[in-house]
Structure formats: structure tokens, C-alpha cells
Amino acid sequence: MLKIKSILGSSTFLGRSFCTEKVHFITKIRNMRRAKSRGGPIKEEFGDEIDFSKIRCSLKSLNRSNRDQNTATQTDPNQPIEFDFNPFDKADRKCLLCDLGIKLDYKNARLLQQFISSFSGRVYDRHITGLCSKQHDALIKTIRMSRYAGYMPPLTKEPKYLKDPKLFDPLKPIRPHSYDG
187 MLKIKSILGS STFLGRSFCT EKVHFITKIR NMRRAKSRGG PIKEEFGDEI
237 DFSKIRCSLK SLNRSNRDQN TATQTDPNQP IEFDFNPFDK ADRKCLLCDL
287 GIKLDYKNAR LLQQFISSFS GRVYDRHITG LCSKQHDALI KTIRMSRYAG
337 YMPPLTKEPK YLKDPKLFDP LKPIRPHSYD G
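Have a look at this one:
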């Protein structure tokens, strides 16, 4: 949440974007200047008299920052556009468990058996599942704990879980294996 204290006193702007605050601040100052030109003491909402020297300084700095932003955005149309990122880079691949925020539990045998081969009963490698090393290590520990507790069979996949939808294709790895040349 953005907090900006105005120079005029203890009033605080909360929750709005900085540009909106700047516009409201400038319009408030302009209205006060108009009232000052008409004569009479100017008081803020809280009853304090206003020090216009601070207001003039703040207006000058606000206008200067606006001018700097405008000159930075106005460029020659024939010049190349500079990006902060490479538009041709591939998107970062996130681990399936990290991306969805799934916590591994040894009691959730149905999820754990998605990462086990139905033929050999071994855990698929990281390049096939697409998991990060941290989640892959946690998966191996959780599968070991689940097998020890009796929630999963030690070597094969349970037949009732064979028709579950696949999270990945074991024949088409997500990443190339590190030993492939």
C-alpha cells in the first residue's frame, strides 16, 4: 500500500496510484492559490495556516519530475525501441508442483503413483517429469515413506490407478537427458 504524506500537513493519501495522488495534490494547491489571490487567510481542513513557500517548492519539483518523464517517453520514431527483456527468450518453465503449489503427502498415493512407472515401479527421472531438483528429492522421500507406511505397493503401480489421466508423457521427455549426446 502506497503512503505519501503531503507537505501541507498531516493529510495522507492511501491506496491510490501515485499519478492520481499527484493530480489531486496539484489541484488542491491550485484551488488554494486561487483562494489566496482573492484575499483572506487560507486554512487547511484541520485549521492550520498554510506555508506557501513549501507549496511552491513542491510544485516546482513535481513539474520538473513530470517534464523528465515526458522527455524520456518522447523519442524519435526512427530510433530502435529498447526493451527491458528479450522478446525471443522462451518462457521460464516452472516445476508442476511448484507452479500449482501442491504439497506432497505420503497418504496421497494416487498423486504419488503418477510419478512411478507402471512397468518397473521405479520413479521417473527429473527430465521426464519436469520437476525441479528440490521437488524431485521430496518426491522420492515421500514415496519411500508412503511405501514404508503401506499406502503404496513397493514395486508396481496399483491397477485401480492405471486409467488416471497422465501428468506427462514418459515417452516424450520435457527436457533432454543430461547423458544424451
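Take 187 as the starting number for the sequence shown in the working numbering and just add one per residue. All C-beta atoms, glycine included, are put in the ideal place defined by N, C-alpha and C.
Three-state secondary structure (DSSP) of I302 | Your numbering for residue 302 matches position 116 in the sequence shown. DSSP places I302 within a strand segment (E or B) once states are collapsed to three.
Determine the DSSP secondary structure at K189, reduced to helix, strand or coil.
-> What you label residue 189 is simply residue 3 of the sequence shown in a count that begins at 1. Residue placement at K189 is flagged as unreliable, the pLDDT there being 44, under the threshold of 50; the coordinate-derived value follows with that caveat. In the structure shown, the three-state DSSP call for K189 is strand.
Please report how far the alpha carbon of I314 lies from the alpha carbon of K346, in whole angstroms.
-> One-based indexing of the sequence shown puts residue 314 at position 128. One-based indexing of the sequence shown puts residue 346 at position 160. Distance between I314 and K346, taken at the CA atoms: about 23 Å.
Y337 beta carbon less than 9 Å from that of K293 | One-based indexing of the sequence shown puts residue 293 at position 107. One-based indexing of the sequence shown puts residue 337 at position 151. K293 places its beta carbon less than 9 Å from that of Y337.
Would the beta-carbon of P356 fall within 9 Å of that of S319?
-> On the sequence shown, residue 356 is found 170 positions in, with the first residue counted as 1. On the sequence shown, residue 319 is found 133 positions in, with the first residue counted as 1. No; because the gap between Cβ atoms is not below 9 Å, this pair is not in contact.
Among R361, I329, F271 and K352, the one whose alpha carbon lies nearest that of T342 | By 1-based counting over the sequence shown, the position of residue 342 is 156. Closest in alpha carbon position to T342, among R361, I329, F271 and K352, is I329.
H322 and R312 look like a contact to me (Cβ under 8 Å); what is the Cβ gap, rounded to whole Å?
-> In the sequence shown, the residue the question calls residue 322 occupies position 136. In the sequence shown, the residue the question calls residue 312 occupies position 126. Their Cβ separation, rounded to whole angstroms, is 5 Å, which keeps H322 and R312 in contact under 8 Å.
Just checking my contact of L317 with L283 at CB under 8 Å: how many whole Å lie between their CB atoms?
-> One-based indexing of the sequence shown puts residue 317 at position 131. One-based indexing of the sequence shown puts residue 283 at position 97. That pair is a contact at about 6 Å.
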